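Undergrad: Supplied in structure tokens, the structure appears directly below.
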Amino acid sequence: MSIFPKRRMRRARSRNIQPLLREVSLSKNDLVAPLFIDELISAPRPIDAMPGQFRYPVSGIADVAAGLWKKGIRACLLFGIPKEKDAEGRSAYHPEGVVQQAVRRVKAEVPGMVVITDVCACEYTDHGHCGIVGETRCGPDLLNDPSLELMDKIALSHAEAGADIVAPSCMLDGMVGSIRTALDAAGFDEVLIMSYSTKFSSALYGPFREAADSGFSFGDRSTYQIHPGNSREAFLESQMDADEGADILMVKPAGFYLDILAEVATIGLPVAAYQVSGEYSMIRSAAQNGWIRERETIIESLTCIKRAGADLIITYFAGEVAGWLDEA
Ligand SMILES: [Zn+2]
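If you use this note's numbering, the sequence shown corresponds to residues 105 to 432, in order.
Structural data, given as structure tokens:
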């Protein structure tokens, strides 16, 4: 039964009424800018697979953060590319490690910037896996419990350097509880944990591996990340991290997983969504070819991620979008 013509949906879509009724709009407070800091370079180096993105030297990171701050971006997520890698990822928790140095520089230059650090070992291990590897029933793989201690050390070293939020991304069982206990024992009860709580084993991470130099020497990460087809497992992972004391949950990647994002948001904790390198590069390359309109596509992608339930969106477009929001 149609209620037309009493109900005319287009009445509310006239050009002057429509903006008043918008349910979701992007704001700068939604955006987190991921940044790559390379200990081995002295000038910014473009990332080929992510046109428009760079690795920055430690010496230049404070200026980059200050530039984002000036545009109104209030949070950044730091990834380090160390000069040395070994089997145990020792450079990941060194007090003078690349991320630790970067955190101190950013906090010194822009004290208000919320500095989030990626807590993982894959950029710091020579085998490229996210922690300690060893023999399992199915051959060599990431060992869970021995890797937890490593994550505690990394998180602690980031907190000591001044990080506001630590973000474990390794998808180890028990990582949030373990890190929370370690932080609290050291007096860092004010440091938040943003868990990569629901992280899929996705083909969209490809460009990041060039960006962060984190490819692996054997196997893949499918034994610790979630298969794209599994939604109940995806929900349970975030629920468990909430129970372990996570302050912010995360769904990664974002755009292909909006159903999961909406579901994870029902847990009640703030939720971040990570628009990953592959999502970035797909939009960027199509736009560079003239096949889609860049600005509209970027804004639409982020608006839809927010609509699905994200309180925070980690996106390589953050700086650009902040500029556009000023114009709007
Ligand atoms: Zn990792």
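Every residue, glycine too, gets a C-beta built ideally from N, C-alpha and C.
Predicted model, so just to flag it, every value in this text is computed and none were measured.
Can you give me the C-alpha to C-alpha distance between W173 and K132, rounded to a whole angstrom?
TA: Looking at the backbone, the Cα of W173 and that of K132 are separated by about 10 Å.
Undergrad: In the structure shown, what three-state DSSP assignment does E404 receive?
TA: helix
Undergrad: Just reading off the beta strand (DSSP E) that P244 is part of, what are its end residues?
TA: G243 to L246
Undergrad: So if I measure from each beta-carbon to every heavy atom of ligand 1 and keep distances below 7 Å, which residues remain?
TA: For ligand 1, the selected residues are C224, A225, C226, C234, S273, C274 and S318.
Undergrad: Which runs of the beta strand (DSSP E), 3 residues or longer, sit entirely within the region 222–294?
TA: 237–240, 243–246 and 269–272
Undergrad: Between which residues of its own chain and F140 is the CB-CB distance below 7 Å, once the five residues before and five after are set aside?
TA: R159, Y160, F183, I185, A315 and A316
Undergrad: Is any heavy atom of ligand 2 found at a distance shorter than 7 Å from the C-beta of V375?
TA: With respect to ligand 2, the structure offers nothing, as its ligand set consists of ligand 1.
Undergrad: How should F292 be labelled, buried or exposed, when 16 other C-beta atoms within 10 angstroms of its C-beta is the threshold for buried?
TA: buried
Undergrad: Note down the Cα distance separating A289 from P250, rounded to an integer number of angstroms.
TA: 19 Å
Undergrad: Please state whether DSSP places D415 in a helix, a strand or coil.
TA: coil
Undergrad: Taking the straight line between their C-alpha atoms, what separation do you get for R149 and Y420?
TA: When only Cα atoms are considered, R149 and Y420 end up about 16 Å apart.
Undergrad: Going by the DSSP bridge assignment, what does T370 pair with across the sheet?
TA: Looking at the DSSP assignment, T370 forms no beta bridge with any residue, so it has no partner.
Undergrad: Looking at the secondary structure, which residues open and close the beta strand (DSSP E) in which V355 lies?
TA: Residues L353 to K356.
Undergrad: Quick one: Cα of K356 to Cα of P109, how far?
TA: Between the C-alpha atoms of K356 and P109 there is a straight-line separation of about 44 Å.
Undergrad: Is the number of C-beta pairs between the region 420–432 and the region 344–352 that are closer than 8 Å three or more?
TA: no
Undergrad: Going by DSSP, what residues sit across from F304 in a beta bridge?
TA: Residue pairing by DSSP places F304 opposite I330 in a beta bridge.
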